[in-house]
Amino acid sequence: MTTPARILVVEDEQDIADVLLDYLRHAGYAPEHAADGRTALQALTAPQPPDLTLLDVMLPGIDGLEVLRQARRHTDNPIVVITARVEEVDRLIGLELGADDYICKPFSPREVVARVKAVLRRRAPLAQAAAQAELAYGALVLDEAQLQATLHGTLVALTPREWHLLRTLLAHPRSVLSRAQLLQHAYPDSPQEPNERAVDSHIKNLRRKLRSADPAGHDWIRSVYGVGFAFDPPAAPQDAQD
């Protein structure tokens, strides 16, 4: 028997939370509730975080954006943001915070359940990737199952978007990929069409994180002006002698 997915509902308005919990329970999920940002962050940073989180932006204590930012250091499980601030969608989805989807208030509970199903369905192939081999280039290793990266044995904390971008670049070492090509891989099934600023922001973060984890401070990603970016690993010792 398959264990139902755990869905964390982070909502401070009890009436709204009760409706969502009821709909999710009837849809076959195992819903849980957090009424404030601090409680939500404790759940998201626990050893076994929820399979998916519905995260309201406006929360007492720690707001939803800060919860999202901190949670992404610990889990890459899907986080769907619920917001009334439509103008913030670019920031929530396209740039540094790493939400997997968003829902604008007011919403229909049936729409929320449909979004949950869609996000988990997109996530299923990643869970099945546990049997796949790791993708590696020298000291840099990407774990397909966990969406994690290690450099010289040190875990590099990446958001899911950053991980997918890095995987695409690593699969084509020293080949220059355009922003349009990278967008296709980093934003599959995105609820809106992201722009190239999103790629630039992720690449900036990726370069900084990889450089910080490299004892030699090597810049693993090269910018090609007017074209795009390339994965540029350090030359092996034998290459340097040739």
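For the sequence shown, counting from 1, position 147 maps to 147 in full-length UniProt numbering; every step adds exactly one. Positions of the beta carbon are idealized from the N, C-alpha and C atoms, including for glycine. Every value quoted in this text rests on a predicted model; they were computed, and no experiment measured them.
Neighbourhood of R207 by C-beta, 8 Å cutoff - its chain only, sequence neighbours within 5 removed: Closer than 8 Å at Cβ, skipping near neighbours: D219, W220 and I221.
Classify Y137 as helix, strand or coil using the three-state DSSP reduction. Correct three-state label for Y137: strand.
Same chain, Cβ closer than 8 Å to A84, neighbours up to 5 away in sequence not counted: Closer than 8 Å at the Cβ level, and outside the excluded window around A84, lie V57, M58, C104 and K105.
Validate contact between the region 35-51 and the region 66-81 using beta carbons, cut 8 Å, 3 pairs: Yes, the region 35-51 is in contact with the region 66-81.
In whole angstroms, what separates the C-alpha of Q128 from that of Q146? Confidence is the limiting factor: at Q128 the pLDDT is only 49, short of 50, which leaves the residue's position unreliable, though a coordinate-based value still follows. Straight-line Cα distance between these residues: approximately 11 Å.
Below 6 Å CB to CB, which residues in the same chain sit around E193 once its five sequence neighbours on both sides are set aside? Per-residue confidence for E193 stands at a pLDDT of 48, beneath the threshold of 50, marking its modelled position as unreliable; the derived number appears in the next sentence. Contacts found: none.
Beta-carbon contacts of E66 that lie in its chain and below 6 Å, excluding the five residues immediately before and after: Closer than 6 Å at Cβ, skipping near neighbours: no residue.
Once you ignore the five residues that flank Q132 on each side, which residues in its own chain have a CB closer than 8 Å to its CB? A caution first: Q132 carries a pLDDT of 48, below 50, which makes its placement in the model unreliable, though a value can still be read off. Excluding residues within five positions, the ones whose Cβ falls inside 8 Å are E144 and A145.
Mapping the DSSP letters down to three states, classify I203 as helix, strand or coil. DSSP, reduced to helix, strand and coil, places I203 within a helical segment of the structure shown.
Which of helix, strand or coil DSSP assigns to H164: It is helical.
Find out if the Cβ-Cβ distance for the pair P109, V19 is shorter than 7 Å. Yes, these two residues count as a Cβ contact at 7 Å.
With DSSP as the reference, label E144 as helix, strand or coil. E144 falls in the coil class under three-state DSSP.
In the DSSP assignment, find the beta strand (DSSP E) that holds D56 and state where it starts and stops. Looking at the DSSP string, the run of the beta strand (DSSP E) that includes D56 is L52 to D56.
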